[in-house]
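Note that numbering that gives the first Met the number 0 has the sequence shown beginning at 0, numbered continuously upward.
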Amino acid sequence: MHSSTPPPPDRSDSDGTVDGVEAFLDAIVAAPDERPPTSPLSDLDRPATTLLRDRWDEIPMTTRIRIVRDMAQDAEDHVERHYQRALLVACRDSDPDVRLAAFDGLWEFDSPELLRILLSEIAEEPDARVREAMATGLGRFAADSDDDLALNEVLEALFERWEGDSAIDVRRRALESLGFLSGDDIVEAIEDAYNNHSIEIRASALQAMGRQGDNRWLDACLRELRSDDAELRFEAVTALGSIGDQRTVSAIVDMTDDEDVEVALAAIAALGEVGGPMAVNRLRQLSEDQSRAVAEAAADALQEASIMANPLRPLM
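Given below as structure tokens:
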């Protein structure tokens, strides 16, 4: 006798089905100010996805934003619920605030359908905030995909945003996402950005350097540790952690005393990434710091260094 797999806790048999979606939509259209659970929109089957897409615009705009944010929050609170298909419907909403909330809710999700939306619509997206989120989303595919054809399309789309977008923050996110990829044209783009007069663009160049993980960027990152601008110091020390060269440990140790607390905490995290005896000694000192934030950051970094040094035995 075969027994079926029981549904996850608190999951109704109608969740993700046409009946469940229809009941949810009927209730929300009748009373937009009510806040019913979003679980009927989780794990949608294909007919239910089609129904949601067909009736989505019946919901008032402010309610649609709330539903999207509620889905994202519920997915965090209940890992057994998956809202990807519902959020993909919301990605094509007529309102930019809804689209932005939907892309933000998909930050951990990668699928061919999401990639198609990002590639096909980023150039035509009228809202800069949404283009920014889309450029960041393309970066996740750049970091994780092993599909050469898809990566070429991602590269092209990101370069178009870097070279031609009218909004500086979109250009920044595109450059940062390009950092996950390799090639002479990307190196040239990062170098050009680093030499830009804009501190914001230079900060993004440093972030891209870290994502490259290439020692070619060590001199630039070390130089920016002495910058008067805290954002540049933050990105530089973070990049050094990502590059992970032992020769930079002494400089990173010095940055743990930076006057800007965010820079100091970034330096602590970087020591955990680079590891080694000098880094571990400094982290042990900082783990007893009077500042709770510093002590906790140092403890986390020690754990990271421990995993790098010996995955089977933590440092004591």
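For glycine and all other residues, C-beta sits at the position ideal for the given N, C-alpha and C.
In this text the structure is predicted, and so the values were computed from the model without any measurement.
Own chain, CB closer than 6 Å to residue i, minus 5 neighbours either side, in chain order
i: R54; result: L24
i: Q206; result: E175, E234
i: L86; result: A101, G104, L105
i: T16; result: A47
Of the residues the options, the one placed nearest residue i, counting alpha carbons only
i: R172; options: D191, P39, E187, L137; result: L137
i: L157; options: D147, A141, D146; result: A141
i: L326; options: D94, P95, T135, D257; result: Any question about residue 326 goes unanswered here, given that the chain covers just 0 to 315.
i: D42; options: I306, I242, A74, A29; result: A74
i: R281; options: D253, P95, E258; result: D253
i: M70; options: A192, T247, L40; result: L40
i: E230; options: E261, T247, T255, A294; result: E261
i: Q83; options: S38, T62, M60; result: S38
i: E79; options: D32, D14, V248; result: D14
i: Q245; options: S203, G274, V20, R68; result: G274
i: D94; options: P59, Q72, D109, P111; result: P59
i: R91; options: H77, L51, D76, E107; result: L51
i: G182; options: R160, A26, A22, L150; result: L150
Length of the line joining the Cα atoms of residue i and residue j
i: P125; j: M133; result: 12 Å
i: L180; j: C220; result: 19 Å
i: P7; j: H81; result: For P7, the predicted structure reports a pLDDT of 47, less than 50, and the residue's modelled location is therefore unreliable. The matter cannot be settled from this model.
i: E223; j: A278; result: 20 Å
i: G163; j: A294; result: 44 Å
i: L117; j: E131; result: 11 Å
i: Q302; j: I167; result: 37 Å
i: D316; j: E155; result: It is not possible to answer for residue 316, since the shown part of the chain is limited to 0 through 315.
i: A298; j: A250; result: 20 Å
i: D213; j: A192; result: 17 Å
i: E21; j: R34; result: 16 Å
Anticipated Cβ contact below 8 Å, residue i with residue j, distance rounded
i: L264; j: A292; result: 7 Å
i: I267; j: A304; result: With 8 Å as the limit, I267 and A304 do not qualify as a contact, their Cβ atoms being about 11 Å apart.
i: I198; j: D228; result: 6 Å
i: S241; j: E287; result: No, S241 and E287 are not in contact; Cβ-Cβ is about 27 Å, not under 8 Å.
i: L324; j: T255; result: It is not possible to answer for residue 324, since the shown part of the chain is limited to 0 through 315.
i: V169; j: A127; result: 6 Å
i: R139; j: D109; result: 6 Å
Own chain, CB closer than 7 Å to residue i, minus 5 neighbours either side, in chain order
i: A300; result: I267, A268, L270, G271, L282
i: A188; result: W161, L174, L177
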